[in-house]
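One structure is given here, and the rest of the page talks about it.
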Amino acid sequence: MKTLILLATAIGATSAFAFGFAADAGKEVTLPVAQEKVKAFTRVLKNGEKQTYNIVGPNKGTWVDAKGKKIPSSNFVFREPGTLVIKKATKGDSAVYDYEPLVTLPPTILPPGAHIDPGNPTGIELTVN
C-alpha cells in the first residue's frame, strides 16, 4: 500500500511541472508547444531572460527580448497550430518554451463562494546537449 501511495505522489509531482526533454546540438528539434492556435511563443532562457516569438504583428517570425531588441531567428520555423521547429538546435536554445493563445476568453464573474481550479501547467523545457 505504501508503494502505491509513493508511486501516486511521484506521478503527481512530476506532472505538476513543464514537460521536458533533451536534444543533441546540431539536430532538428520539434516542440509541440500548443494544441490551439497561438499568437506568440515565449521562452525563458537558462539565465532568466524572457523572449517572445511573434506569429502575428510587426515582429512576426522574430524573437524579441524584454527590451524590444530583435534576436536572430532564421533557425526557427512555425507550424500550425502551435508547433515550433528549431532547424539546428544549439545550447543557447535551452529554455522553457510556452505560448500565448491567439484567442483568450474574457474573465467571468463567479457567484460568491465559487472558484475555478487553475489549469494544468503548460510549456516544454528543452535542454540541448
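Counting with mature numbering (1 follows the signal peptide of the UniProt record, and there is no 0), you get residues -16 to -1, 1 to 113 for the letters of the sequence shown. Heads up, the beta-carbon is just placed ideally off N, CA and C, and yes, glycines get one too. Nothing here was measured: the structure is a model prediction, and the numbers come from that model.
Terminal residues of the beta strand (DSSP E) in which residue i lies
i, result
"glycine 4", "3 to 7"
"glutamate 84", "79 to 85"
"residue 114", "Only positions -16 to 113 of the chain appear in the structure, and residue 114 is not among them; the question remains open."
"isoleucine 70", "67 to 70"
"valine 22", "22 to 29"
"aspartate 49", "47 to 49"
"proline 16", "13 to 16"
"glutamine 35", "34 to 38"
CB contact flag (residue i, residue j, <8 Å)
i, j, result
"proline 91", "lysine 23", "no"
"valine 48", "aspartate 77", "no"
"lysine 30", "glycine 66", "no"
"lysine 72", "glutamate 109", "no"
"valine 80", "arginine 27", "yes"
"lysine 54", "threonine 46", "yes"
"alanine 18", "lysine 34", "no"
Member of the options whose CA lies at the smallest distance from the CA of residue i
i, options, result
"asparagine 38", "Gly32, Gln19, Pro16 and Val61", "Val61"
"alanine 9", "Thr106, Gln19, Gly107 and Asn59", "Asn59"
"proline 105", "Gly97, Ala7, His99 and Tyr83", "Tyr83"
"threonine 14", "Pro102, Ile93, Thr88 and Glu64", "Glu64"
"serine 107", "Val87, Pro16 and Pro56", "Note that residue 107 corresponds to glycine in the displayed sequence, not to serine. It is Pro16 whose Cα lies nearest to the Cα of glycine 107."
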